[in-house]
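Below: one structure, written as structure tokens.
Number of protein chains: 2
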Amino acid sequence: MPNETWQPPPVLLTVDLVILTLRSSTLHVLVIERGIAPYKGHWALPGGFISDAGEDIVDAARRELREEADLDATSLHLEQLGTYGRPDRDPRGRIVSVAHLAIAPGLPEPEAGTDASAASWCPVEEFTSGRRSLAFDHHQILDDGLERARTKIEHTSLATAFCDETFTITDLQRVYEAVWGFELDPRNFYRKVQAVPGFLTPVGSDRRTTRGRPARLFQAGPEHLLRPPMMRPLPPDQNPPTQSETK
Amino acid sequence: MPNETWQPPPVLLTVDLVILTLRSSTLHVLVIERGIAPYKGHWALPGGFISDAGEDIVDAARRELREEADLDATSLHLEQLGTYGRPDRDPRGRIVSVAHLAIAPGLPEPEAGTDASAASWCPVEEFTSGRRSLAFDHHQILDDGLERARTKIEHTSLATAFCDETFTITDLQRVYEAVWGFELDPRNFYRKVQAVPGFLTPVGSDRRTTRGRPARLFQAGPEHLLRPPMMRPLPPDQNPPTQSETK
DNA sequence: GCAAAAGTGTTTTCACTACACCCATGT
DNA sequence: ACATGGGTGTAGTGAAAACACTTTTGC
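Protein chains in written order, with our numbering: chain A, 1 to 247; chain B, 248 to 494.
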């Protein structure tokens, strides 16, 4: 162990953001086009350095959310995702990034032309399919953020963070389908979500904007942990053998 | 946004470790008695500064595991838990800590008197009950580590990391009971774990030395994700109302 | 034999799937 | 009327809790 007079090497700390939203029933992530080196001209996740020595990490994430995405962090879901510190992850030197996951309701228009000039929503499928790439280790961070979202909507009420203040059950179903990547039975989904105590609170009025029968409106309930959880079926690549089959 | 000539403030990075193990069917955490200020003489989680600018974060965690706990990180479960950076968390200044969770099989004896003089296993209940306290924000880190362990043994094979190379099903049940804090039915547990494909692999030879019928020995199977998961029942503080009751 | 721990069978309950069917609205 | 999306009934399936019961050891 180093002795008392030894001084540890300082590092530079950044925050990076995986900001997810739903746009026309498709999962999108906010990316920016880098204006400076390294990776100038490449796509990257929004983020930046901790601004001063007294700034809390989550406050830095909130600030970047406002500066780079023009989003109000007080009304958004925001959680820490993980810390990425591979020594070679940034060619400028030892830069450690604390990644965060943010969930926003679907905004009707892309980002207004504010401080962040080159920010835009992009379907996550562009990146997961490999058609587009991301700077630094941001592909890894995006993958981790997507996996976090997929598992968290199973047993927490995180899916409501993708919706507006009030929403229909079908709206919520679109969230699950977009995040998980497959379709669900609407009738069973309808009852399943309502059977979870505290998940949804009915609000008096209905919504009649489309044709067809008007849908009841709900808002997020008081419960954050879903019991029973909304378990996703395993993808049908192969049916797992049960205990009895090995008999 | 700061202009190009602005330099971000460097911070000091540490790693802290929540090392959990089972000792006589009780969950224990490794704590050290601090020999230097701040919090001199108080209990704290093992940890230390990143040693040089090229050291990966997880390597630093492995190094601390070896230096402070005399544990070989290659045979242990080790994962990142989260990053703690409240500006006032350390009176020495801006020190950000990347906390890790480590799981060790039950060692027969406490730590050998190696580099870490004052390290000792302590039942976690001493801290969760408030009888003992921890330095810095380590109480928060411990709570987060415990919660991570509780949820991860539900849907991953993490519980096997508490066991030796080979173990009986009852050994594994003790892990679940210690981490969750309540007892399970041994007969149902016996079948439930074996019904999860890939969770356990029977090792040919059986037996073990207690009185009573000898138990079959198993080792951890190839599957890391448990499907179906080992769901814990909700604590019986109150039975949640189902959908039909609100009718 | 008896206690203790391992392992099995069986019943009941309950959640989930699949799908037929009814309801309320716009055009 | 009929298309469209919202909402309900119900039978079949499988997982899990509860618990009686059998097996295999040490003493």
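The C-beta atom is built at its ideal place from N, Cα and C for all residues, glycine as well.
Item, Value
"Residue interval of the alpha helix (DSSP H) (run including B/Leu419)", "Ile416 to Trp427"
"Exposure label - A/Asp185; buried when at least 16 CB within 10 Å", "exposed"
"8 Å Cβ cut-off: residues of chain B touching A/Arg62", "None at all; the shortest Cβ gap to chain B is about 14 Å."
"Contact list for B/Thr330 against chain A, beta-carbon separation under 7 Å", "Ile57, Gln80, Thr83 and Val98"
"Rounded separation between B/Gly301 and A/Arg94 - CA only", "7 Å"
"Reduced DSSP category for A/Arg232 - H, G, I as helix; E, B as strand; rest coil", "coil"
"Short CB-CB distance (under 8 Å) between B/Arg397 and chain A", "no"
"Exposure label - B/Lys494; buried when at least 16 CB within 10 Å", "Residue confidence for B/Lys494 is low, a pLDDT of 28 falling below 50, so the modelled location carries little weight; the figure read from the coordinates is stated next. Classification for B/Lys494: exposed."
"C-alpha gap between B/Phe383 and B/Leu292, whole angstroms", "9 Å"
"Neighbour flag for B/Phe296 against chain A, beta carbons, 8 Å", "yes"
"Residue burial classification, A/Phe218 (beta-carbon count within 10 angstroms, cutoff 16)", "buried"
"Top-ranked residue by Cα proximity to A/Val18, from A/Leu78, A/Ala60, A/Tyr39 and A/Arg63", "A/Leu78"
"DSSP three-state assignment for A/Arg207, whether helix, strand or coil", "strand"
"CB contact check: A/Leu13 to chain B, cutoff 8 Å", "yes"
"Option in B/Phe414, B/Leu389 and B/Thr457 with minimal Cα separation from B/Tyr437", "B/Phe414"
"B/Pro257: contacting residues in chain A (beta-carbon distance under 7 Å)", "Pro10, Val11 and Leu12"
"Beta carbon of A/Glu154 nearer than 8 Å to that of A/Pro233", "no"
"Neighbourhood of B/Ala348 by C-beta, 6 Å cutoff - its chain only, sequence neighbours within 5 removed", "First, the amino acid is wrong: residue 348 of chain B is Leu here, not Ala. Contacts found: Val265, Glu326, Leu328, Gly392 and Arg395."
"Chain-ordered neighbours of B/Asp541 on chain A, where CB pairs are closer than 7 Å", "Coverage of chain B is limited to positions 248 through 494, which leaves residue 541 of chain B absent and any answer about it impossible."
"Cβ distance (whole Å) where B/Ala467 is taken to contact B/Ser404 below 8 Å", "6 Å"
"Length of the line joining the Cα atoms of B/Met478 and B/Gly445", "17 Å"
"Cβ-based neighbour list, B/Arg333, same chain, cut-off 7 Å, excluding 5 preceding and 5 following", "Asp384"
"Meets three-Cβ-pair contact criterion under 8 Å: the stretch 160-175 of chain A and the stretch 47-62 of chain A", "no"
"Within-8 Å CB hit, B/Pro334 to chain A", "yes"
"Where A/Gln238 falls: helix, strand or coil (DSSP)", "Any reading at A/Gln238 is ruled out, since the residue's pLDDT is 42, under 50, leaving its predicted position unreliable."
"Same chain, Cβ closer than 8 Å to B/Asn486, five either side skipped, listed in chain order", "With a pLDDT of 38 at B/Asn486, under the threshold of 50, the modelled position of that residue is not reliable, and no figure is offered here."
"CB of B/Val504 within 8 Å of CB of B/Arg474, strictly", "Outside the shown range of chain B, which is 248 to 494, sits residue 504 of chain B, and nothing can be said about it."
"DSSP-derived helix/strand/coil call for A/His42", "coil"
"Below-8 Å beta-carbon distance, A/Arg174 vs any chain B residue", "no"
"Residues that B/Arg455 contacts on chain A, provided the C-beta gap is smaller than 7 Å", "Near B/Arg455 there are no residues of chain A at all, since even the closest Cβ is about 23 Å away, more than 7 Å."
"Buried versus exposed, by CB contacts within 10 Å (16 or more), B/Asp337", "buried"
"Alpha-carbon to alpha-carbon, A/Lys192 and A/Glu183", "15 Å"
"For A/Gln219, three-class secondary structure by DSSP", "strand"
"Three-pair Cβ contact test at 8 Å for the stretch 361-381 of chain B versus the stretch 274-284 of chain B", "yes"
"B/Gly294, enclosing beta strand (DSSP E) - first and last residue", "Gly294 to Phe296"
"A/Pro229 Cβ short of 7 Å to the ligand GDP heavy atom set", "Absence of the ligand GDP from the depicted structure is noted, as is the absence of any ligand whatsoever, leaving it without description."
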